[in-house]
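To start, the structure itself, in structure tokens.
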Amino acid sequence: TRTGKSSNFTTGKVYESVIRKERRGEYLGGTVQVIPHITDEIKSRIKAGAKDADIVMVEIGGTVGDIESLPFMEAIRQMGVELGREHAMFMHLTLVPYIKTAGEVKTKPTQHSVKELRSIGIQPDLLLCRSEQLLTDEQRSKIALFTNVPAKAVISAIDLDNIYKIPKWLHDHGVDDIIAEHMHLDIKPTDLSDWQKVVDVMANPAFEVTVGMVGKYVELTESYKSLNESLSHAGVHNNARVKIRYIDSVVLESGNMSSLEGLDAILVPGGFGDRGIEGKIAAIKYARENKVPYLGICLGMQLAVIEFARNVAGLTDAHSSEFDANTTHPVIALITEWQDENGRIEKRNADSDMGGTMRLGGQTCQLLENSLARSAYGAESVVERHRHRYEFNNHYLQQLTDAGLVIGGKSNDGNLMEMVELPQKGQLAHPWFLGCQFHPEFTSTPRKGHALFTDYIKAALAHQTKTTEEVAEAIA
3 TRTGKSSNFT TGKVYESVIR KERRGEYLGG TVQVIPHITD EIKSRIKAGA KDADIVMVEI
63 GGTVGDIESL PFMEAIRQMG VELGREHAMF MHLTLVPYIK TAGEVKTKPT QHSVKELRSI
123 GIQPDLLLCR SEQLLTDEQR SKIALFTNVP AKAVISAIDL DNIYKIPKWL HDHGVDDIIA
183 EHMHLDIKPT DLSDWQKVVD VMANPAFEVT VGMVGKYVEL TESYKSLNES LSHAGVHNNA
243 RVKIRYIDSV VLESGNMSSL EGLDAILVPG GFGDRGIEGK IAAIKYAREN KVPYLGICLG
303 MQLAVIEFAR NVAGLTDAHS SEFDANTTHP VIALITEWQD ENGRIEKRNA DSDMGGTMRL
363 GGQTCQLLEN SLARSAYGAE SVVERHRHRY EFNNHYLQQL TDAGLVIGGK SNDGNLMEMV
423 ELPQKGQLAH PWFLGCQFHP EFTSTPRKGH ALFTDYIKAA LAHQTKTTEE VAEAIA
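So this is what it looks like as structure tokens:
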């Protein structure tokens, strides 16, 4: 089941909700305490996220014993009692370090972690022991003895070279059978053939493409984790390995474009702040002029509009009011009013708080006829997730479209421009140039991928001078 808003919550959300309830008088003036008020709120949020589901997996981050996670631990302890042990199963992920110099694994950290967990009233039913080396039966039996967990439920979860191999690894070691037995479930034999196809293509792809990701957080590539995985998923669906070349946008501001040479596609992701902005705009100009497939996400779309306005439409000082409040041509500006998915009118201004004032979450986008966007999605409308405060300034819509910019998608009410493109015919013709205000990477999955990324990587393959027929044959 696809996750939604209720599938994730933080300590801050829990405390905010409890404080609001107290202010409304729901606790009748009673003293607000961690138990029961905070723990009850945690339990109610877990149940809300479990609506209409047969089985729910609840992950609690952090380390056992940390003060931050104690209310969550207490909440699930209570749920175990309330639901009955046959309806609640506790799985604990622990580290079993391998000491290379001694050539042995150490089980003591796992023993102490479980001891700490049991001290707060939670007895694990299954242990996932993360280690570099496969645990022997003797080591697993030792852990079982000291943790009061059956030996068959002590699983050696070794480090794998591909995260998508993990489901099959756990299946091969009987994790699904242990869960089914504990919960008295009669389940059909598991079919992991789709997962295996993903792993096989990643291991032995027919093609390889290089995507240049131009950003300012490139030293910490995990900042783009969702994008990295989405590109990998798209590669699977094109029988290709996607290599990512991370390019610091600040470096491009010197005018040296050598790092962009040899790329099969260019991507500018979302971001905040004005550092490196001109470097990103330079990369977009390079992609436009050299016919390199381009995908701009959120800020990447906004900068594509700015680049087009400056270098094609003749608005040489065009900018976003986010970065230059005094620009003569704010082609990107603060959204002051929009309609959310529930029909409510949301209003903002420059004095609104930064937090909690964004256009946030799933929004419907209507894809225009004959657009690259509609061709990529194969649909007339899509729902994608947003997180932004600035948007295409409609005061420049006519001027920019007259200059050749194509609008590929609009908000459901038609007031906000959600996708921009370059035409595929004429003087400004480009094989694949698209910017989207939303974040498609949040809905990509390894088995299904995402239509936009899949089409983008297909265009990158075509850019390698391979014919469309060659690509289509290899993908099939």
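Our numbering applies: residue 3 is where the sequence shown begins, and numbers increase by one. Where is the CB? At the ideal position from N, CA and C, for every residue including glycine.
Buried or exposed: residue i, going by 16 or more other Cβ atoms within 10 Å of its Cβ?
{"i": "Ser-373", "result": "buried"}
{"i": "Gly-410", "result": "buried"}
{"i": "Thr-192", "result": "exposed"}
{"i": "Lys-412", "result": "buried"}
{"i": "Arg-290", "result": "buried"}
{"i": "Val-34", "result": "exposed"}
{"i": "Val-83", "result": "exposed"}
{"i": "Asp-54", "result": "exposed"}
{"i": "Thr-303", "result": "Reading the sequence as shown, one finds Met at residue 303 and not Thr. Buried is the call here."}
{"i": "Asn-395", "result": "buried"}
Just tell me which of the options has its CA closest to the CA of residue i.
{"i": "Arg-361", "options": "Leu-336, Ala-381, Glu-382", "result": "Leu-336"}
{"i": "Asp-163", "options": "Gly-272, Gly-406, Met-204", "result": "Met-204"}
{"i": "Met-91", "options": "Ala-208, Leu-129, Leu-233", "result": "Leu-129"}
{"i": "Gly-273", "options": "Asp-250, His-186, Leu-436", "result": "Asp-250"}
{"i": "Lys-427", "options": "Asn-417, Gly-406, Val-270, Asn-150", "result": "Gly-406"}
{"i": "Asn-230", "options": "Ser-8, Glu-255, Pro-448", "result": "Pro-448"}
{"i": "Glu-255", "options": "Ser-322, Ile-48, Ser-46, Val-216", "result": "Val-216"}
{"i": "His-175", "options": "Glu-443, Leu-187, Lys-154", "result": "Lys-154"}
{"i": "Glu-221", "options": "Arg-247, Glu-210, Phe-209", "result": "Arg-247"}
{"i": "Tyr-392", "options": "Ser-195, Gln-439, Ala-381", "result": "Gln-439"}
{"i": "Leu-262", "options": "Ser-234, Leu-233, Tyr-296", "result": "Tyr-296"}
{"i": "Met-528", "options": "Ile-122, Glu-70, Pro-73, Met-59", "result": "Outside the displayed span of the chain (3 to 478) sits residue 528, for which this structure offers no information."}
In chain order, what residues of the same chain lie with their CB nearer than 7 Å to the CB of residue i, ignoring the 5 residues before and after it?
{"i": "Ile-283", "result": "Leu-305, Ile-308, Glu-309"}
{"i": "Ile-57", "result": "none"}
{"i": "Lys-383", "result": "It should be noted that the sequence gives Ser, not Lys, for residue 383. Excluding residues within five positions, the ones whose Cβ falls inside 7 Å are Thr-366, Cys-367, Gln-368, Leu-369."}
{"i": "Ala-375", "result": "Leu-369, Gly-410, Gly-411, Met-421, Glu-423, Leu-436"}
Which of the three DSSP states, helix, strand or coil, is assigned to residue i?
{"i": "Val-16", "result": "helix"}
{"i": "Glu-423", "result": "strand"}
{"i": "Glu-221", "result": "coil"}
{"i": "Met-75", "result": "helix"}
{"i": "Ser-256", "result": "coil"}
{"i": "Gln-365", "result": "strand"}
{"i": "Ser-261", "result": "helix"}
{"i": "Glu-382", "result": "coil"}
{"i": "Val-151", "result": "coil"}
{"i": "Arg-210", "result": "The identity of residue 210 in the sequence shown is Glu, whereas the question assumes Arg. Of the three classes helix, strand and coil, the one that applies to Glu-210 here is strand, per DSSP."}
{"i": "Leu-336", "result": "strand"}
{"i": "Lys-110", "result": "helix"}
{"i": "Thr-318", "result": "coil"}
Looking only at its chain, what residues have a beta carbon closer than 6 Å to the beta carbon of residue i, apart from the 5 residues adjacent to it on each side?
{"i": "Ile-189", "result": "Ala-182"}
{"i": "Val-314", "result": "Ala-405"}
{"i": "Val-408", "result": "Glu-423, Pro-425"}
{"i": "Phe-11", "result": "Arg-47"}
Output needed for residue i: all residues of its chain with C-beta closer than 8 Å, excluding positions within five of it in sequence on either side, in chain order.
{"i": "His-441", "result": "Ser-228, Gly-272, Ile-299, Cys-300, Glu-386, Arg-387, His-388, Arg-389"}
{"i": "Ser-133", "result": "Leu-97, Val-98, Pro-99, Tyr-100, Val-107, Ser-158, Ala-159, Ile-160, Asp-161"}
{"i": "Met-75", "result": "Ile-62, Val-66, Leu-119, Ile-122, Ile-124"}
- Any contact of the stretch 416 to 423 with the stretch 276 to 286, i.e. 3+ C-beta pairs under 8 Å? no
- Item | Cβ contact check for the stretch 240 to 253 and the stretch 448 to 460: 3 or more pairs under 8 Å | yes
- Does the stretch 111 to 123 touch the stretch 59 to 75, meaning 3 or more C-beta pairs lie closer than 8 Å? yes
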